[in-house]
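Below is one structure, written out as structure tokens, with a few remarks after it.
There are 2 protein chains.
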Amino acid sequence: MDTARSFTPVHAGDIGAFDHEADVLVAGFGCAGAAAAYEAATAGAEVLVLERAGGPGGSSAMSGGELYLGGGTAVQRACGYDDSADNMFAFLRVALGPHADEEKLRLYCDGSVEHFEWFRERGLTFNPSLYEGQSWMPPTQDGLMWLGENAYPYDVVADAVPRGHRPATESYGGWMLMEKLVAAATEAGTRQHADTRATGLVLDGGAVVGLVARKYGERVTYRARRAVVLTTGGFVDDEGMLADHAPMLLGHGKVSAGLDDGSGIAMGMAIGAATRGMSVTQIAASILPAMICRGMLVNSRGQRFINEDVYPGLASVAAVRHQPAPHWVIIDEEGYEDIPQRDLWNVRPAFVDETLSGLEKDLGLPPGALESTVATYNEHAERGEDPYFHKNARWLRPLRPPFAAIDPRRGFEPGGEGGGSSTGVSGFTLGGLRTTTDGAVLDVSGNVIDGLYAAGRASSGMHGEGYISGTSLGDGTFFGRRAGRAAAAGRRDG
Amino acid sequence: MDTARSFTPVHAGDIGAFDHEADVLVAGFGCAGAAAAYEAATAGAEVLVLERAGGPGGSSAMSGGELYLGGGTAVQRACGYDDSADNMFAFLRVALGPHADEEKLRLYCDGSVEHFEWFRERGLTFNPSLYEGQSWMPPTQDGLMWLGENAYPYDVVADAVPRGHRPATESYGGWMLMEKLVAAATEAGTRQHADTRATGLVLDGGAVVGLVARKYGERVTYRARRAVVLTTGGFVDDEGMLADHAPMLLGHGKVSAGLDDGSGIAMGMAIGAATRGMSVTQIAASILPAMICRGMLVNSRGQRFINEDVYPGLASVAAVRHQPAPHWVIIDEEGYEDIPQRDLWNVRPAFVDETLSGLEKDLGLPPGALESTVATYNEHAERGEDPYFHKNARWLRPLRPPFAAIDPRRGFEPGGEGGGSSTGVSGFTLGGLRTTTDGAVLDVSGNVIDGLYAAGRASSGMHGEGYISGTSLGDGTFFGRRAGRAAAAGRRDG
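Protein chains in written order, with our numbering: chain X, 203 to 696; chain D, 203 to 696.
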């Protein structure tokens, strides 16, 4: 047996004297753990965070740092956009669906402005300017970006306003987010044990009263006077759990800091906790938003399948999950030249050809496939229409020779999401422990497990089968805060 | 709390005197339970089966009764087909994949001829004749049918031989299969408690030593001297479990006898058992194999997406899981008239039109969508080719006016799979408890749970993400037998 993968619970009676204790134990010091620790400590609890790595941050610190927020934040208003909680809800229930958790989503939208201000109070700065380009990750310090809100059908179900909130730094901003959150938790009194990997829950009857962990090969025991909060992240780094629950990510790149080992989920399952949405994944293919808008994305048969101006994660899911591979980006010279350098990320064509029939041969497509697809596209684009997929008219223009095909399997050079995988595709998991809106973990019979909370990607949050950038950091911190407050209010102080 | 959904385990020490006991307890008297009970009893164990319904049969008895068997059975040989275990394996690892359990699959293919003979020894008859039509369910007593083995790409990865084995009765044959298996288990000495719903496992330390159940509202306790075998079926009838694990089936019809409540899976999860593939589902849309072969299947944009001569469950999955709805079957008058009455199932066109542009309007498709798709199809069909999807040349013929569109949402009339749902789609779940090849249930740390076995759709079997008719009855009985033998060999006789 691989002891690194043992999550068997321990009974309190078998421990005797615990090595350490606190009111609230938090396992994992990413964004959800930091938010939970801050709130629990601020509510007066003595909080101790166990972190497997040598220091805090986790996958949150490696992320882009976008926070999906709205409902009328100061940044939205400064950029001239009116938003409301209802409008945000109308968008997200479709964008994160089908089967979004509407109860969690409602709370998240209603609390979004307050959550935004909470980040500002923790010292995070968001500049009052909108990035106008199409990008996974703006290279500017603009505080706001579009995440597909202005694309069909989202512009029909809700008023189109941008909600991607970005800390004031270029490109990846997760490090800055975590720097502020960890500082806030620490200043509130949270202690941290690093290099300490939680491996199992401690039970007293049916209640969770602590954690056992490994530190430098030794077992260490922790008593929780009030509650344990699991914020260990998802399971993209555990191949066994991927095979059992989300095999579509096998073989692809991992959006993580390398320690999303699913241990919190497994510790919960080991005592009978329920899970939800374990097969749901976020997926990013190496397709440039600024490029597919101006051209088209086709499958291995040369067929289009989506309006290319949607949030690029959605186009990625549509391709990788639902369309035969390989996928190709087709664009003409005029479109390629029109892409601003800052949004081009050094992506170069795999093939260039004067004719579509030549490009079909280069790509191994059925003869006539691209000619037919482009002819149909051009015929409608002349009139500013896309009756098949409803790409916004501002991107519609007939494609003319010479043509180019880009191979997303090559990834982005250098770096960028997907750049680290041989498939050009990378992702992470969204499923996890089933929780109440306060983060209490439920067992398979639907009962709350006394003393156990979870948040972030160790839990299943507000997502159904859809995803938008910033909703994982957003839901991790929002429901992490709620879990921290509920854990601090735990009743086992004796 | 809904006590009908409580699966909390009970500790043996809290029970005192058990109401009943046996060497091996089996929960659920469908095909896997009957096979397990037969083998355990034949191996000398005292076997007691608990069944929630008033009598045995379960969803197996309501099923078509096809058994996916091969490797050179007497029926295959009588019909003139050479097959081997390797050839069967080559087909199934692709057809049940990606991510089929190759260890289980290998055993299944290697043991398939023996398993076929086991059914015959239990009194089941398979006539030595092949049904030549294209159908979900032949109306004849032919003992063999094709299940897509002769369609691309399966005819490339393996030699095409038919493996759908059918008991000697018209149409649905599950009742006959279960009649024989229940009789065999009973003659071997198995006792049955009907109207008895197992609700929780009894634990002694980490070992499973019994079951608690409800009968007419009262709790009844059962001790297992050797082992418990969970064969309670899948979870398509539990809306909560569907929402958490396989939401794509929400709102669709259920292929079950109404009691696939996931209780065995939940009882296992309640003590920390691992699961696998909980999001995997079989799906049947109301599309007639004999009709789509002769015409085409298109999505809401008028695009084809699969060679229409595949196993119709695969075409259903391709449509429902991956293509925008509504889906349409397009055929011309000549093709419609060519369908044998016995394979037509009274399915009638929703729209008939002299022109494709007229049909596009009827169906609300983008203008030119069907004209383009049919023109491409016809151009290649003239030459007996289908370069996009590789439908077999015997089905290729240009489609000519007048044209018809069939709406699969209408279901089959009368009855037929999908007929009972408002969407024309129905399905069942394939995920469940993670087991060894002998049916021992594993916990989330990968350790065998002492005294606990599972088979059939309460477990995750040899399936990856694909499905073929007859592989669920096949895997349920094959691994049910193995679980029964292993349970009977249990070591807790004292």
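Think of the CB as a built atom: it goes at the ideal place given N, C-alpha and C, for glycine as much as any other residue.
query	result
Chain D contact residues for ARG207 (chain X), given Cβ-Cβ distances below 7 Å	SER647, GLY648
Close-in-space but distant-in-sequence residues of the same chain around MET339 (chain X) (CB under 6 Å, 5 per side omitted)	GLY266, SER373
ASP534 (chain X) beta carbon near the ligand SAM (any heavy atom closer than 7 Å)	Absence of the ligand SAM is noted for the structure shown, with no ligands found whatsoever.
TRP547 (chain X) versus TYR418 (chain X): straight-line alpha-carbon distance, rounded	42 Å
Residues near GLU584 (chain D) by beta carbon distance below 7 Å, same chain, minus five either side	PRO600
Segments assigned beta strand (DSSP E), at least 3 residues, entirely inside the segment 474-525 of chain X	483-487, 498-500
Listed by chain order, chain X residues near HIS524 (chain D) by CB distance under 7 Å	HIS524
Limits of the unbroken beta strand (DSSP E) element including THR398 (chain X)	398-406
Any beta strand (DSSP E) of 3 or more consecutive residues that is wholly inside the segment 642-673 of chain D	642-644, 650-656
Within 8 Å, strictly: CB atoms of TRP530 (chain X) and LEU490 (chain X)	no
Simplified DSSP state of VAL438 (chain D), which is helix, strand or coil	coil
8 Å Cβ cut-off: residues of chain D touching TYR590 (chain X)	ARG503, PRO568, ALA571
Beta carbon of ALA292 (chain D) nearer than 8 Å to that of VAL226 (chain D)	no
Any C-beta of chain X under 8 Å from that of THR578 (chain D)	yes
Any 3 or more C-beta pairs closer than 8 Å across the segment 237-250 of chain D and the segment 437-448 of chain D	no
Endpoints, beta strand (DSSP E) assigned at HIS222 (chain X)	222-229
Contact belief for ARG478 (chain D) with ASP640 (chain X) at Cβ below 8 Å, rounded distance in angstroms	Not quite, the Cβ-Cβ distance comes to about 30 Å (not below 8 Å), so this is no contact.
Within-8 Å CB hit, CYS311 (chain X) to chain D	no
Which listed residue (D:GLU535, D:GLY366, D:GLY455, D:SER458) has its alpha carbon closest to that of ASP555 (chain D)	D:GLU535
CB contact below 8 Å: ASP406 (chain D) versus chain X	no
Identified DSSP bridge partners for SER628 (chain X)	X:GLY455, X:ALA486
LEU349 (chain D) in three-state terms, based on DSSP	coil
Residues of its chain near GLY668 (chain D), where Cβ-Cβ distance is below 6 Å and the 5 sequence neighbours each way are ignored	ALA297, LEU298, GLY299
Three or more C-beta pairs below 8 Å linking the segment 322-338 of chain D and the segment 573-587 of chain D	no
Short CB-CB distance (under 8 Å) between HIS301 (chain X) and chain D	yes
Cutoff 8 Å: ALA445 (chain D) Cβ touching any chain X Cβ	yes
Bounding residues of the beta strand (DSSP E) (the contiguous stretch that carries THR423 (chain X))	420-432
Candidates X:ALA606, X:TYR424, X:GLU539, X:ASP540: closest to LEU558 (chain X) by CA position	X:ALA606
Start-end ranges of the beta strand (DSSP E) lying completely within the segment 517-585 of chain X, minimum 3 residues	530-534, 553-555
Ranges of the alpha helix (DSSP H) found wholly within the segment 257-329 of chain D, counting only runs of at least 4	260-264, 276-280, 287-297, 304-312, 314-323
Contact list for MET498 (chain D) against chain X, beta-carbon separation under 9 Å	By Cβ distance, chain X contributes nothing, its closest Cβ being about 14 Å from MET498 (chain D), past 9 Å.
ARG425 (chain X) versus ARG393 (chain X): straight-line alpha-carbon distance, rounded	14 Å
Three-pair Cβ contact test at 8 Å for the segment 485-500 of chain D versus the segment 679-695 of chain D	no
Reference LEU567 (chain D), options X:PRO589, X:ASP288, X:THR327, closest by Cα	X:PRO589
Three-state class that DSSP yields for VAL363 (chain X) in the structure shown	coil
For GLN336 (chain D): DSSP bridge partner residues	In DSSP, GLN336 (chain D) forms no bridge with anything.
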